[in-house]
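Structure first, commentary second.
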Amino acid sequence: MKYKKMIQIVLLFLLIGDIAAQENFQNIEVRGIVKDEYGNLFRGVSVVSEFGKNAVMSDESGSFLIYITDKSRHITLSKDYYLPEKVEVKDNDNLEITLKRDIYNTNEIVYDGFNSVSKKMMAGSASVVTGYELNKSPVSVLSSTLAGRLSGLTTRENSSEWARTSNSLWIRGASLNGAHTPLIIIDGFMIPTEAQACMDFITPAEIESISILKDASLLALYGITGASGAIIVTTKRGKPGELKVDLRIDGSLQNVTVKPYRVNSGVYSQLRNQAAYNDNPAGGQFQMFTEEQVGKFASGEDPIHYPSHDWYSEFMKNFAFMQRVGLNLSGGSDKARFFSNVNIMNQNTNFKISEKEKFNPTPNYFWANMRTNIDVNIGQHLKAFMNIAGNLKREKTTEGNMTNVYQGMFDLPPTLYSNLTPEERDPQTGEIIREGGKVMITPSIGNNVYGRINRQGFTQHTITNIYSNFGLELDMSFLAQGLKATGTVGFLSNNRKSLATSRNYERWIRVTNTFSDWDELKFEKKGTDEDTPLSHSKGEDDYHNINYKGALNYTRSFGKHTVSAYAYSMYLELVRAENLPFKYVYSGLQATYDYDDRYVLTIGTGYSGSDNYAPKNRFHTTPAIAGAWIASSEAFMKDIKWLSLLKLKASYGRNGNDDTGASRYPYLNNIQGVDELFISNPSYSPEMVKKQNYGIEVGLLNGLHLSFDIYRHNLDNMYMNVIPDIPSYHGNTGIFPNINAGGMRNKGYELEIAYTKNIMKDFSINMDGFLAYNKNKFTHVIETIRSDDYFHKERVTGYPTGQTWGYLVDYSNGNGLFNTEQELNDYLSHTQYSFNKPRLGDIKYQDLNNDGIIDEKDHAPLGYGAIPNYYFGLTVGAKYKNFDFSALFQGVENYKTSSAGSIGINEGALSDGLYSSRHLQAWTKERYDAGETISHPALTLKNTSANTQTSEYFMVDRSYVRLKNLEIGYTLPMKMSRAIKARNIRVSLSAQNLITWDHLSDYDFGPEAGDYNHLPAFRVYNLGLSVQF
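Heads up: the sequence shown runs through residues -21 to -1, 1 to 1008, numbered per mature numbering (1 follows the signal peptide of the UniProt record, and there is no 0).
Take a look at the structure:
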């Protein structure tokens, strides 16, 4: 009670002082006009008083009127892509101000989740992209818009399922063995779980900017969660001025970037015969189909008995439609401002649905999200803000996994009679003997895509995601000029409700046991499946996250000296239905000193912990230091006209990672009854990565900007399995805990280039791009050291994360296959395969240890690891009068993966229909003798092929360059806009994933993680209309 009264008294004095300060200060009224370098009047320029209490925007005529009530004697005018202008003001001033283009982007602001910092004065390393740029990508999830736009961020599209695209994100590659997803902060709110999914709810129209933090100094305050870097999402806020209404309507057509090649029944029957012959040459050339049947399949003369189906075309439409409508409103005064956004998206799929009578299984995705950000000046010293966002997503899919449906299109042979059995009638009476319409399968494939998407049911997920953040900011300049205190509370709730429907159906096969059966139509039921009613089941999953944060911020200039400091403390709690709450505590302190915009020094540390660590090992520090020298600001460099910027910077520190894959409370023993299931590790601690960064930034030739960063990350306490060090005689080695005992190194560089030029009054060009290199390796791990007869005794130490191991191929004969009987016999005279005996047309492996046996002792590293070594992006743009143009190129290099399972080595043993373009050039004696191209081993119908081993033969070079985004826009003349009382009307045509240059011309999938088991990336054509009122 005593403390409550004290707080009330303090707040009362603050309020009285606030009112008195407002009464004693004489307001200043300032008018002005803003123009650009060519004399054009500038609308939408932000005009803010020195102390930030008063703000307005210039109107259509470039005019502004601001009333200053906070004792400021200066105003700052700013606009995106222009240099800010600070002007001294007096009462009743009438100003004319010209803003100059920021050709080096030196005014770019980076928000690090705590403070907004000028990138020019930053000693750390970060990259920024605006929401305006992201809005050019007509895609459904936000993470897909980031590809190729941020230096240091590597992206990979793993799955391209409609509206559920899955992207992997790495900031400066992998410095950890386990989790690599960056920490994600949305408007200062830390997302502790399913962070990328939460970020993907946000639309580009809501975003002011996205920053990625890359070095130790910018990540130090994030403590035990900053090692993988951070993505900082900043949404738009209202600005003083009249009400603005922005309406955007988009209609998109989507089709796959790669349409797999499918053989017809004529070619299929030939390939099946060839495979059977390879397996059993004594059986002759026509073991599966007779020569006459092959001819009938090829000619199409009898499509009833000898059909030829392209199942891909029968189940996939060329285009799917996506609609997006977005509306945002913003405005306010210097007292209160708001930004509100509503966005609705409806996306269909490319699947063809035939049956809708009993229930509608049509897949569909519907998405609605809303956001409102409000800022209020309560008084002279007190501000309040509120951010509220709500998201509703409904996903309706087939009963099974959507990618399984896609895969199923390649399992069915083109020779299958049809999707459904025909109706059978008595030839004499015409009476129905057997009803048709039963789903057809093959003896080896128990499911048909038709049945999956039309008769098996559907699954519907309804996801509700609500985020809110409330805060107060107290200007404590009455105690010390530049001192502010902030308190926030945030809450996030996510609920997922599932409705699963399912039914079974009869499955029938066509009887083709003998060659003569193909001339008849005989059908029989396969198995005991029956048509069943549609059943329903429901499920639900939810979690919520709440955090409280208090902070002090101090910034003040003393002549040429500027000092800033930031201190905070935060409590975060994550509650899931199936677990005890996860609890985190974060705190940190950071101070920066800047002398005359020339020398910058930043020192900071985080202090954080969670309840997943033992009490004596719960909290950990993450210190960092960074410095920068802006040499171009030195007096002795002022006269160098061609050099506008020269900046050197360096940083060193450590960042932590607690997402190690450890179980809940690993410091506690798990004992149930007489069994000890898990031995505790009380010393378990977060992984700590020591990071170095060195960089240089150069501005040249009045428009060219270059930057180069080199970095090195060292991890020496990697969390890893201890079992390889435990002798088997200990019994159940699985009970031993993981420990912090491994090491990893990660290094790379980033080169960025930007160029902006106003060619003439109505014509400007711009270009910016980057090249990022990254490579990692394990320096020491606990692994089983193999015996001396292994060519590579270590399989982890010294190699990158995700290293593929397999056999090297002997290409000494040109194609790496056994081409003649003599070659095969000579090889087998001294070397044997430990798995299956090779035959003609099989892959010829290298015996690295020369022991005469091909086995795992001969395994060698293949490819470059799980992450591309090189990642690059290039954006070019131009604007001429009312036309604008932009193109984004993006790509990777040094990236290989194994495609053995993707292209179907055992083509006929595991399925009835997986023949692609590569199989057309499979090895045959005739093809080899004729000197024709061979791109695949000899075909087979068996599971025992020697070619099933992982080897370099099936390592696919997935390097590529892609025209990721292309947009052409036209802004209607002002007189046309005014006809409907609009400020601006713009029409745009854009495309995503338009053209790809890669090394996969003879494969049927794209260069990402695509194969027959995954939907390829989609090409999108978009027509957009933007109207601003």
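A virtual CB, placed ideally from N, CA and C, is assigned to each residue, including glycine.
Checklist entry - Does the beta-carbon distance from L62 to L74 come in below 8 Å? => result In this structure, L74 does not lie closer than 8 Å to L62 by Cβ.
Checklist entry - Is it right to say D837 is buried, meaning 16 or more other beta carbons lie within 10 angstroms of its own, or is it exposed? => result Answer is buried; the Cβ neighbour count reaches 16.
Checklist entry - Which of the three DSSP states, helix, strand or coil, is assigned to V246? => result Annotated three-state conformation of V246 is helix, per DSSP.
Item to check | Per-residue burial, residue 1062 [other beta carbons within 10 Å of its own, 16 or more giving buried] | outcome: The structure shown does not extend to residue 1062, since the chain is modelled only from -21 to 1008, so the question has no answer here.
Next on the checklist: Buried or exposed, going by whether 16 or more other CB atoms sit within 10 Å of the CB of D767?
Outcome noted: Answer is exposed; the Cβ neighbour count stays below 16.
Checklist entry - From this set, N963, R957, F984 and V89, which residue's C-alpha is nearest R937's C-alpha? => result In terms of Cα proximity to R937, the closest of N963, R957, F984 and V89 is F984.
Item to check | Own chain residues within Cβ distance below 6 Å of Q825, not counting five before or after | outcome: Around Q825: L787 and D789.
Item to check | Distance, I411 Cα to L399 Cα | outcome: Going from the Cα of L399 to the Cα of I411 covers about 16 Å.
Checklist entry - How big is the Cα-Cα spacing for Q900 and H915? => result So the two alpha carbons sit approximately 6 Å from each other.
Next on the checklist: Checking 8 Å against the spacing of the C-beta atoms, do S37 and F30 come in under that value?
Outcome noted: Contact: no.
Checklist entry - For Q460, is the classification buried or exposed, using 16 other Cβ atoms within 10 angstroms of its Cβ as the cut-off for buried? => result By the Cβ-count criterion, Q460 is exposed, with fewer than 16 other Cβ atoms from all chains shown falling within 10 Å of its own Cβ.
Checklist entry - Rounded to whole angstroms, how far is the Cβ of N322 from the Cβ of G305, which I believe are closer than 8 Å? => result Yes, they are in contact, since the Cβ atoms of N322 and G305 sit about 4 Å apart, within 8 Å.
Checklist entry - Which residues mark the beginning and the end of the alpha helix (DSSP H) in which R906 is found? => result Going by DSSP, R906 is part of the alpha helix (DSSP H) stretching over K904 to D908.
Checklist entry - For M739, is the classification buried or exposed, using 16 other Cβ atoms within 10 angstroms of its Cβ as the cut-off for buried? => result The residue is exposed, with fewer than 16 neighbouring Cβ atoms inside 10 Å.
Item to check | Boundaries of the beta strand (DSSP E) in which N427 is found, first to last residue | outcome: N427: not part of any beta strand (DSSP E); DSSP gives it neither H nor E.
Item to check | Buried/exposed call for L994, threshold 16 Cβ in 10 Å | outcome: With a threshold of 16 other beta carbon atoms within 10 Å, L994 meets it and is buried.
Next on the checklist: Between the alpha carbons of N696 and H759, how many angstroms are there, rounded?
Outcome noted: Cα to Cα, the separation comes out at about 10 Å.
Checklist entry - Does at least one heavy atom of the ligand NAP sit under 7 Å from the Cβ of V212? => result For the structure depicted, the ligand NAP is absent and the ligand set is empty, with no information on it obtainable.
Item to check | Close-in-space but distant-in-sequence residues of the same chain around V118 (CB under 8 Å, 5 per side omitted) | outcome: Taking V118 as the centre and dropping the five residues before and after it, the same chain places the C-beta of T124, T144, Q971 and V999 closer than 8 Å to its C-beta, in chain order.
Item to check | Of the residues L942, E666, K238 and S587, the one placed nearest residue 1026, counting alpha carbons only | outcome: Summary: the structure shown does not reach residue 1026, with the chain confined to residues -21 through 1008, and so no result is reported for it.
Checklist entry - Would you say R577 and I609 are within 8 Å of each other, going by their C-beta atoms? => result In this structure, R577 lies near I609, with their beta-carbon atoms less than 8 Å apart.
Checklist entry - Would S188 pass as a contact of I150 if the rule is Cβ separation under 8 Å? => result The answer is no: Cβ separation not under 8 Å.
Item to check | Simplified DSSP state of Y285, which is helix, strand or coil | outcome: Y285 sits in coil when the DSSP states are folded into three classes, being neither helix nor strand.
Item to check | Pairwise C-alpha distance: L129 and A961 | outcome: Whole-angstrom Cα-Cα distance: 34 Å.
Checklist entry - What are the start and end residues of the alpha helix (DSSP H) that includes A925? => result Judged by DSSP secondary structure, A925 falls outside any alpha helix (DSSP H); it is assigned neither H nor E.
Item to check | Residue nearest to R434 in terms of C-alpha spacing, selected from R216, N370 and D508 | outcome: Closest option to R434, Cα to Cα, is D508.
Item to check | Burial state of Y574, where buried means 16 or more other Cβ atoms lie within 10 Å | outcome: Exposed, by the Cβ-count rule.
Next on the checklist: Under 8 Å, with one C-beta from each stretch per pair, do the segment 177 to 185 and the segment 260 to 280 reach the 3-pair mark?
Outcome noted: Output reads no: the segment 260 to 280 does not touch the segment 177 to 185.
Checklist entry - Leaving out the 5 sequence neighbours to the left and right, which residues in its chain are closer than 7 Å to R691 when beta-carbon positions are compared? => result So the list reads Q671 and K726, once near-sequence residues are dropped.
Next on the checklist: Using the Cβ count rule (16 or more neighbours within 10 Å means buried), how would you classify I959?
Outcome noted: By the Cβ-count criterion, I959 is exposed, with fewer than 16 other Cβ atoms from all chains shown falling within 10 Å of its own Cβ.
Checklist entry - What is the residue span of the beta strand (DSSP E) that N383 lies within? => result Counting along the chain, N383 sits inside no beta strand (DSSP E); it lies in the alpha helix (DSSP H) bounded by residues M381 to G387.
Next on the checklist: So, at 8 Å on beta carbons, what are the nonlocal neighbours of Q1 in its own chain, with the 5 sequence-adjacent residues on each side left out?
Outcome noted: Confidence at Q1 is low in this model, with a pLDDT of 45, below 50, so its placement is unreliable and no value can be given for it.
Item to check | W784 in three-state terms, based on DSSP | outcome: Reduced to three states, the DSSP call for W784 is strand.
Checklist entry - Which residues in the same chain as N3 place their Cβ atom closer than 7 Å to its Cβ, once the five residues preceding and following it in sequence are excluded? => result Because the pLDDT of N3 is 46, which lies under 50, any placement of that residue in the model is unreliable, and the number read from its coordinates should be weighed accordingly. Here the set comprises nothing.
Checklist entry - DSSP beta-bridge partners for M36? => result When beta bridges are read from the DSSP output, M36 appears opposite S25.
Item to check | Start and end residues, alpha helix (DSSP H) containing G110 | outcome: Counting along the chain, the alpha helix (DSSP H) containing G110 begins and ends at G110 to L113.
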